[in-house]
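Numbering (my numbering), first residue to last: 6 to 274. Below is one structure; the comments refer to it alone.
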Ligand SMILES: NC(=O)c1ccc[n+]([C@@H]2O[C@H](COP(=O)([O-])OP(=O)(O)OC[C@H]3O[C@@H](n4cnc5c(N)ncnc54)[C@H](OP(=O)(O)O)[C@@H]3O)[C@@H](O)[C@H]2O)c1
């Protein structure tokens, strides 16, 4: 029997990854599958999820199931858990990588629906997934939750970033609130900054910031840094996630940064 909180062999385990259709979520899903973990891929775009599943079967020779899910919708998230348990059994690992950047506008100009949608995806989504998947982790005496947050929640504010930075700051707090209740159970919840990644999210920010021109300020500096350098390594972002999954239960309620990224880690909380 596994000692409470000790990391069991991950092979044969079950992981759910949101945002698995592209970007960081896809890479995390492939890396988990390569470790012999059965992976459930969640996101809104079925074709992207199926493409990730094909990559996993080809590269890792492992099993993956795609479940079209909008993490904002409680019954979608409930269905995600039901399909996970039907296909593979209860999940021991949950990686919340789904996210949107939302409006890049002055505070008062923010379209209300877009600002609220940013909180729904980046904050309510992880609330709903954690709420669904934690009980079976507690019953098993082992579980690992990694919430993909952002340095934008911690570094000094830059203009036009109120929706995203607020959502990620709240996600950090949600992670800590959950973690304190998980102490001593063998289940952990941690948050990460994955680095500055040249993904579709970056491309969307790039095009909005370019339209703003000089007024974009700090966000403009960030997109140009990523453009000039190619950004941080997706492999290192994945490594941070894997390290937290493999870490002992004492690593709980923490914020982790990638090694060697363009943004120096600062005191997280
Ligand atoms: N890129 C960076 O530099 C950077 C920096 C710091 C933090 N992050 C964080 O890292 C995570 C991954 O970002 P990324 O750069 O890989 O972004 P990405 O390439 O844009 O991927 C985002 C993923 O989230 C999914 N998603 C969006 N809305 C969703 C919803 N309502 N329900 C379910 N899935 C949804 C998308 O799939 P569908 O659209 O098909 O649903 C997509 O798979 C995000 O949480 C982001 O905030 C990124």
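Using N, Cα and C, we set each Cβ at its ideal position, and we do this for glycine too.
Practice prompt. Could you work out which residue in 176, 235, 216 and 21 is closest to residue 155 when comparing CA atoms only?
Written response: Restricting attention to 176, 235, 216 and 21, the CA atom closest to the CA of residue 155 is found in 176.
Item to complete: Within the region 48-123, note down every full beta strand (DSSP E) run reaching 3 residues or more, in order along the chain.
Response: Whole beta strand (DSSP E) segments, 3+ residues: 69-73 and 98-101.
Worksheet item: Span of the beta strand (DSSP E) holding residue 27?
Response: No beta strand (DSSP E) holds residue 27; DSSP gives it neither H nor E.
Worksheet item: Around the C-beta of residue 132, are 16 or more other C-beta atoms found within 10 angstroms, so that it is buried, or is it exposed?
Response: Buried, since its Cβ has 16 or more Cβ neighbours within 10 Å.
Worksheet item: What beta strand (DSSP E) runs, 3 residues minimum, are completely inside the region 158-238?
Response: As summarised for the region 158-238, the continuous beta strand (DSSP E) elements at least 3 residues long and confined to that stretch are 192-197, given in chain order.
Practice prompt. Might you give, ordered along the chain, the residues of its own chain that have their beta carbon closer than 8 Å to the beta carbon of residue 55, omitting 5 neighbours on each side?
Written response: Short of 8 Å from the beta carbon of residue 55, and not among the five residues preceding or following it, lie these beta carbons of its own chain, in chain order: 71.
Item to complete: Count the CB pairs spanning the region 244-252 and the region 182-191 that are closer than 8 Å, and state whether there are at least three.
Response: With a cut-off of 8 Å, the region 182-191 and the region 244-252 do not count as touching, because too few Cβ pairs lie within range.
Discussion item. Quick check on residue 20: does DSSP put it in helix, strand or coil?
Written reply: Here residue 20 sits in strand by DSSP.
Item to complete: Taking only heavy atoms of ligand 1 into account, decide whether any of them is closer than 7 Å to the Cβ of residue 198.
Response: Set against 7 Å, the gap from the CB of residue 198 to the closest heavy atom of ligand 1 is smaller.
Worksheet item: Is the number of C-beta pairs between the region 15-25 and the region 188-199 that are closer than 8 Å three or more?
Response: Between the region 15-25 and the region 188-199, the count of C-beta pairs closer than 8 Å stays below three; the two stretches do not touch.
Practice prompt. Decide if residue 2 is buried, meaning its Cβ has at least 16 other Cβ atoms within 10 Å, or exposed.
Written response: Residue numbering for the chain in the displayed model covers 6 to 274; residue 2 lies beyond these limits and cannot be assessed.
Worksheet item: Taking the DSSP output, what are the residues bridged to residue 43?
Response: 19, per the DSSP bridge assignment.
Worksheet item: Using CA coordinates, which residue listed in 66, 127 and 125 is at the minimum distance from residue 43?
Response: With distances taken between Cα atoms, residue 43 lies closest to 66.
Fill in: Beta bridge counterpart(s) of residue 260 as assigned by DSSP
Residue pairing of residue 260 in beta bridges, as defined by DSSP: 196.
Discussion item. Going by DSSP in three states, residue 265 sits in which element: helix, strand or coil?
Written reply: Note: residue 265 maps to coil in three-state DSSP.
Fill in: Identity of the residues DSSP links to residue 148 by a beta bridge
Within the DSSP secondary-structure output, residue 148 pairs in a beta bridge with 192.
Worksheet item: residue 253 to residue 114, Cα distance in whole Å?
Response: Approximately 45 Å, taken between the alpha carbons.
Discussion item. Could you check whether residue 47 and residue 83 sit closer than 8 Å to each other, using their CB atoms as the reference points?
Written reply: With a cutoff of 8 Å on beta-carbon distance, residue 83 and residue 47 are scored as not near each other.
Practice prompt. Within its chain, find whatever has a CB closer than 7 Å to the CB of residue 6; leave out the 5 residues flanking it on each side and keep chain order.
Written response: The predicted model places residue 6 with a pLDDT of 39, which falls under 50 and marks its position as unreliable; any figure quoted below should be read in that light. So no residue of the chain qualifies.
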